[in-house]
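In what follows, a structure is listed as structure tokens, so that the remarks can point back to it.
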Amino acid sequence: MNEWLDPLLLSRWQFGLTTVYHFLFVPLTIGLVTTVAIFQTAWYRTNKAKYLQLTHFFGKIFLINFAMGVVTGIVQEFQFGMNWSDYSRFVGDVFGAPLAFEGITAFFLEATFIGLWIFGWDKLPKGLHLATIWLTTVGSIASAYFIITANAFMQNPVAYQINEVKGRAELTSIGELLTNPIALAAFPHTIFACFMVSAGLIISVAAWHLSRNQHLETMRPALKFGLWMMVIAGALTTLMGDQLSLAMVEAQPMKMAAAEAMYHTATGANASFSIFTLGTPDGVSELFSIRIPYLLSFLSTHTFDGTVEGINNLQEQYTQLYGPGDYAPIIWVTYWSFRWMIGLGIAHILVAVGGLWVTRKGKSPKTWIWKIAIWSFPLSLLAMSVGWVFTEMGRQPWLVFGLLKTADGVSPNVSGLEILISLIAFTLLYGALAVVEFRLILKAVQKGPDDAPVPDPVSGEIKQTTTVY
9 MNEWLDPLLL SRWQFGLTTV YHFLFVPLTI GLVTTVAIFQ TAWYRTNKAK
59 YLQLTHFFGK IFLINFAMGV VTGIVQEFQF GMNWSDYSRF VGDVFGAPLA
109 FEGITAFFLE ATFIGLWIFG WDKLPKGLHL ATIWLTTVGS IASAYFIITA
159 NAFMQNPVAY QINEVKGRAE LTSIGELLTN PIALAAFPHT IFACFMVSAG
209 LIISVAAWHL SRNQHLETMR PALKFGLWMM VIAGALTTLM GDQLSLAMVE
259 AQPMKMAAAE AMYHTATGAN ASFSIFTLGT PDGVSELFSI RIPYLLSFLS
309 THTFDGTVEG INNLQEQYTQ LYGPGDYAPI IWVTYWSFRW MIGLGIAHIL
359 VAVGGLWVTR KGKSPKTWIW KIAIWSFPLS LLAMSVGWVF TEMGRQPWLV
409 FGLLKTADGV SPNVSGLEIL ISLIAFTLLY GALAVVEFRL ILKAVQKGPD
459 DAPVPDPVSG EIKQTTTVY
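Each residue of the sequence shown is one higher than the one before, counting from 9 in my numbering.
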């Protein structure tokens, strides 16, 4: 029973639960606000009613999702002080800097202009009102960058020095922190993946209405937009993922070795990419695998004769460098989360490619094709979620790589029972919020876009009207 009340174990579960749950809303918020800004720009430039309808329609879904993301995100910051006080004490001077930037600048920008956008439809000039949604978009993306910068420090510590007297890391250069190679690589990879999530929602919603012959004037262009957005964003996500993997090989070779179940250092043909691997229960050797020769060497070094370090070899190096301990993450979690991330993302891209093919020249797909499009929405969202599981679990046993182990960051004065009670409370609360979120979005989706506004009889212009979201 005592092991189930272990403060470290329960703190990790609680942070994992709240983080994954919060992250369900983040990519959709970033992708949808950009999508809404694009639709409103199209209306501003063309004066076509369908783009105004799409702006209002997806704007409702964006706002529901944004509100839920804010509510769940607040819990994250409190947990650093409640469950991870030793971590906060050790890296607060460094880790707190990008979080402060995120709160003071990015989130303030986002929150201010989203209010102006909501209440300014019939009060602000058309161009100025358009600017508010674009500034909201800038705030959302900037917010993501600062959060990724904070996380990148945990993956690849830079711009710090250790104060031996105070026993903590202290910031030496904000510029170096914000240009951490991991952050520069992870940011575009994450943002383009957010666009994939948004595109997936647009595809599913448009397919649902088109399969019922509803709102054809708005949902046909929405479907085309979503399909192309998925293909383009998917290609860019893949490209940026390749750059991120190169940076990870340099910063965290153990994570990438675990992602490939590569137990021994290999070069060239022996550095093969594993499609499927079975290892011994202790995770120190391989029993069976299906591999593609040279591919891992190319992915890791962009050469076919590059050397890729193995788990066992790195374990020996880290033992000499950091002292006795197990420095490999849970291999099966890292291995399979990496593959599920790639597989789910590719599957969604293929759905979009297939959608462009079957709808070419105005063709109407068969019923089963509509069903695939409708139910494909979770693919990119799940890919991003398991991608973050891979990112964080692959870093273990480190909380800050090479500086602070996870076991050393937990709060010393919080009992396992207290954490268990809060974990149960969060689980129940988040479950209730999930039901509310789903029902609100489902109701908005099923209702569809509002009727097309009537153009002004004199100028022919479609004027902005008060919109209550």
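Even glycine gets a Cβ: it sits at the ideal position worked out from N, Cα and C.
Small disclaimer: the values here were computed from a predicted structure and weren't measured.
What is the DSSP secondary structure of R403, reduced to helix, strand or coil? coil
Considering only C-alpha positions, which residue in the set F200, L124, E225 and W216 is nearest to A243? F200
Beta strand (DSSP E) runs wholly inside the stretch 138–180, at least 3 long, in chain order: 168–171 and 176–179
Assign T315 to one of three DSSP states: helix, strand, or coil. strand
So the alpha helix (DSSP H) F66 belongs to, where does it begin and stop? A57 to M90
From the DSSP secondary-structure annotation, give me the bridge partner or partners of L412. V408
Thinking just about the alpha-carbon of each residue, which of A177, L185, T187 and Q163 is nearest to the one in V257? Q163
From A193, I69 and V79, residue whose alpha carbon lies closest to that of A259: A193
Give the secondary structure of T27 by DSSP, where H, G and I count as helix, E and B as strand, and everything else as coil. helix
Spatial neighbours of M9 within its chain, please: C-beta separation below 7 angstroms, excluding the five flanking residues on both sides. With a pLDDT of 48 at M9, under the threshold of 50, the modelled position of that residue is not reliable, and no figure is offered here.
Quick test of your reading: S253 and M264, contact by CB under 8 angstroms. State the CB separation rounded to the nearest angstrom. 7 angstroms
Thinking C-beta only, is F115 closer than 7 angstroms to S151? yes
Backbone CA spacing between E118 and V41 [nearest angstrom]: 10 angstroms
May I have the straight-line CA-CA distance separating F109 from V102, to the nearest angstrom? 12 angstroms
Unbroken alpha helix (DSSP H) run spanning H356, endpoints: I339 to V366
Would you check if the stretch 393–407 and the stretch 359–379 touch, i.e. whether three or more CB-CB distances between them fall below 8 angstroms? no
Roughly how many angstroms lie between the CA atoms of L428 and G24, to the nearest whole one? 14 angstroms
Would you mind reading off the limits of the alpha helix (DSSP H) that contains D94? S93 to F109
Can you tell me where the alpha helix (DSSP H) holding T246 begins and where it ends? L224 to A259
If we ignore side chains and look at the alpha-carbon of each, how far apart do G234 and N320 end up? 45 angstroms
State the Cα-Cα distance for the pair F306 and T275, rounded to the nearest angstrom. 10 angstroms
Given that a residue counts as buried once 16 or more other Cβ atoms are within 10 Å of its Cβ, and exposed if not, what is L18? buried
DSSP state of M9, grouped into three classes? Because the pLDDT of M9 is 48, which lies under 50, any placement of that residue in the model is unreliable, and the number read from its coordinates should be weighed accordingly. The answer is coil: DSSP assigns M9 none of H, G, I, E or B.
In the DSSP assignment, what residue or residues form a beta bridge with F281? I300
So, do the stretch 338–354 and the stretch 383–397 have three or more beta carbon pairs nearer to each other than 8 angstroms? yes
Would you mind reading off the limits of the alpha helix (DSSP H) that contains H217? P189 to L218
Starting from T49, trace the alpha helix (DSSP H) both ways and give me its first and last residue. V34 to T54
Note down the Cα distance separating A433 from P15, rounded to an integer number of angstroms. 16 angstroms
Nearest-angstrom Cα distance between L412 and P196? 27 angstroms
Sorted by chain position, which residues of the same chain lie with C-beta nearer than 8 angstroms to I190's C-beta, five sequence neighbours on each side aside? A160, Q163, N164, L252, A255, M256 and A259
Can you name the residues that DSSP bridges to A274? V316
In this structure, does DSSP put Y326 in helix, strand or coil? helix
Between the alpha carbons of P229 and W129, how many angstroms are there, rounded? 23 angstroms
Using a Cβ-Cβ cutoff of less than 6 angstroms, which residues in the same chain neighbour I122 once the five nearest sequence positions on both sides are dropped? T144
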